[in-house]
Structure formats: structure tokens, C-alpha cells
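Asker: Mind looking over this structure? Questions follow.
Residue numbers (this note's numbering): 3 to 254.
What follows is the structure, given as C-alpha cells:
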């Protein structure tokens, strides 16, 4: 079978602008507002240098990517309320240690946390288009909240490091709600605390799974597909950058 020629670059699909007409806006934090992925890898690199200085760069990089992939599902168990944050961290780091033929003890976990948190916090940086979206929501008179699957103390740290203290009506995390994304209960809890109807609440997330959970909860959900992966189901709003997301206040 003869392959069809690749379409010219100009024929590549273009992201369209999306307008949300809402009384409140809820945003994911990690990799929607904060550049969490790069900050996490920076923290992991520094912390694993502290615990395992003998690793060469190639091996260290592989171990870090295994930690990020979290194939054992430790983070999902935390965000769904089945385990606490420390158990999640101990589990993920314990898996890394086991892969190196070692055992994780309390002293090594403490050393990891100390180095990781300092390096992670220093590496946090906002996505400029997220700051623009928050500004547009403010200008429209639409309150903005954060809904994260991370721990509350970590989420508040990110807000502070990004210079966004005081910019959000609410900062909510899964360990305070008892459920996490994509459970519809998490989004509805955010709406209830905002005093907003789900149908008049916007939601933005870089995770297609979590954007889908918001849609199931009845929110005006938008998937932020920065990597242009595609594959959103029919009816799912999509933008490839937040400059393309427009906010209007409902009832004006």
C-alpha cells in the first residue's frame, strides 16, 4: 500500500479560541499554572545526588523517569484519599531504592525531603499564559480558585513561590476534600465552596482525564493540550495555550 504524502505544514490543525461564560473559574495547578514537571525533575535530580551520588547521569535520569511515571500508582492512591502524602512519598522513593538494591529508612527519607523540597521550590515558575488567564478573569469580575490533586501544604507553597498569594478565592487540594480528580465529587465540592453552580463554573486542566472528570461533574471544562497531542472526545473544549481561552462573566 502506498503511503499518502504528509500534509503541508500550513495544513496542520490550528487551535481555536474558546470562550467560557461563567460566574467562577477553577484551575488545576500542576503544569497548568506552575511548571511542575521541570521543577519536579530538578528536585529529584538534586535529592538523588544526595542519596545516590554513585549514579551516572544516564542511570540517574532513568531512575527519575521511573519515579515520575509512578507505575505502582502511589500518587493516584493518595489523591483518591486511600493513603496520606507521606505514605505516597515513602512508597515511590522506596520503589526507587528497591530498584537499586537498597532499603529506604527514615533517615534517608528525611534527607530526600529536605533536599527535594528546597530544590523543587526554587525551580517553580509560572506559565505566562496562565498569569494572563488569571488577569483576564479578574478583569471580568470572575473569582478564580485552584483545585489540585497534590497536598494542601505543597499547593500553598507553589502559590506563594509563584507570587500569586491573594489572587485566588480558594485553594483546594485532594487531601482536604477527601476525594481527588477525576472524581466528580471533587469538582462539585469546589463549586459548593465557591457558591457557584457547576454549569456556570469553568474548569481548566492540562490532564485530559481530569478535564473529563470536570465535564462529568457538569462544569464548563476545557482541556489544555500544550503538547498538541489531540485525541479529545467529541464535545470536549480544547485549547493549546491559555491565551486562546477567553472569559466572560455570566449574567452581564
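Here a beta-carbon is modelled for each residue, glycine too, at the ideal position from N, C-alpha and C.
#1: Given that a residue counts as buried once 16 or more other Cβ atoms are within 10 Å of its Cβ, and exposed if not, what is residue 200?
#2: With three or more beta-carbon pairs closer than 8 Å as the criterion, would you say the region 120-129 touches the region 27-46?
#3: Using a Cβ-Cβ cut-off of 8 Å, state whether residue 165 counts as contacting chain D.
#4: Are there three or more Cβ pairs, one per stretch, closer than 8 Å when the region 109-118 is compared with the region 23-39?
#5: Assuming residue 175 contacts residue 203 (C-beta within less than 8 Å), just tell me the rounded distance between them.
#6: What's the gap between the Cα of residue 247 and the Cα of residue 104?
#7: Across which residues does DSSP place residue 36 in a beta bridge pair?
#8: Roughly how many angstroms separate the alpha carbons of residue 235 and residue 52, rounded to a whole number?
#9: In whole angstroms, give me the CA-to-CA distance for residue 8 and residue 37.
#10: Hey, how far is the Cα of residue 55 from the Cα of residue 49?
Answerer: With the given structure in hand:
#1: If you draw a 10 Å sphere on the C-beta of residue 200, you find 16 or more other C-beta atoms in it, and that means buried.
#2: At 8 Å Cβ cutoff, the stretches touch.
#3: In the displayed structure, chain D is absent; only one protein chain is listed.
#4: Because the criterion of three Cβ pairs below 8 Å is not met, the region 109-118 and the region 23-39 do not touch.
#5: In fact, because the Cβ distance is near 18 Å, the residues do not count as touching under 8 Å.
#6: Going from the Cα of residue 247 to the Cα of residue 104 covers about 48 Å.
#7: Paired residue(s): 32, 128.
#8: Taking the straight line joining both Cα atoms gives about 44 Å.
#9: Note that residue 8 scores a pLDDT of 35, beneath 50, so its modelled location is shaky and nothing firm can be said.
#10: Approximately 10 Å, taken between the alpha carbons.
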